[in-house]
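S.K.:
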Amino acid sequence: MDKNEAQSALDAVRNTDRAMADRMRWPFWRHAIFGAMMALVLLAIALPSAARMPVLALVVLLVFLVVRDDKTRHGMFVSGYQKGRTGWVLVLQFALLAASLAATIMLVDSPLTSPLFWAIAAILLIGSTALSLLWEKIYRSDLKAGRA
């Protein structure tokens, strides 16, 4: 392979990455489902033991539906764990979930009747949805730049 062939191969990879970046768009509802799943995890942990399993089963069902939709829409599932700049978004997501869990455990005695719990859950839902949107923006940018 000479220099021109190598350059041509690299250009083909870059063009594929750019085309993929243009194609890899998720609808808002997909991001909102991610936010809802995070809020449901918080709810499951806050609920009494007997009530946890149905909520966690719902989360697993939502994961299955999201993966299936991604495979139908894009032919593949793109997990949140990617090399590149999206890693710091995952760190922020983990910190948001951990802070929500800590606040619930330390500040809320009776989650289902506590306005504070529902405020924490709403912040987690909205924050997780926003972070999912940010993750997509960074992921697509990294694909276009050849960093993903």
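Oh and the sequence shown: position 64 is 83 in the working numbering, straight run, nothing missing.
We put the CB at the ideal spot given by N, CA and C, even for glycine.
Please read these numbers as outputs of a predicted model, since none were measured by experiment.
Using C-beta distances below 7 angstroms, list every residue in its chain close to alanine 51, excluding the 5 sequence neighbours before and after it, in chain order.
M.R.: For alanine 51, where only same-chain residues beyond five positions count, the Cβ hits under 7 angstroms are Thr148.
S.K.: Would you say threonine 123 and proline 130 are within 8 angstroms of each other, going by their C-beta atoms?
M.R.: Going by C-beta atoms, threonine 123 is nearer than 8 angstroms to proline 130.
S.K.: Given a cut-off of 8 angstroms, decide if glycine 103 and aspartate 161 are closer than it, judged by their beta-carbon atoms.
M.R.: In contact: aspartate 161 and glycine 103 (Cβ atoms closer than 8 angstroms).
S.K.: Whole angstroms are fine: how far does the CA of alanine 118 sit from the CA of methionine 125?
M.R.: The straight-line gap from Cα to Cα measures roughly 10 angstroms.
S.K.: Output the distance between the C-alpha atoms of leucine 153 and glutamate 24, rounded to the nearest integer angstrom.
M.R.: Those two C-alpha atoms are separated by around 37 angstroms.
S.K.: Hey, out of Ala76, Met72, Ala63, whose CA is closest to phenylalanine 136's CA?
M.R.: Phenylalanine 136 has its Cα closest to that of Ala63, out of Ala76, Met72, Ala63.
S.K.: Going by C-alpha to C-alpha distance, which of Gly165, Gly54, Lys156 sits closest to glycine 146?
M.R.: The candidate whose alpha carbon is nearest that of glycine 146 is Gly54.
S.K.: Within 10 angstroms of its Cβ, does methionine 57 collect 16 or more other Cβ (buried), or is it exposed?
M.R.: Buried, since its Cβ has 16 or more Cβ neighbours within 10 Å.
S.K.: Looking at the secondary structure, which residues open and close the alpha helix (DSSP H) in which arginine 92 lies?
M.R.: Arginine 92 -> alpha helix (DSSP H) spans 68-93.
S.K.: Looking at the unbroken alpha helix (DSSP H) that takes in aspartate 128, where does it start and where does it end?
M.R.: Unbroken run through aspartate 128: none, as it is neither H nor E.
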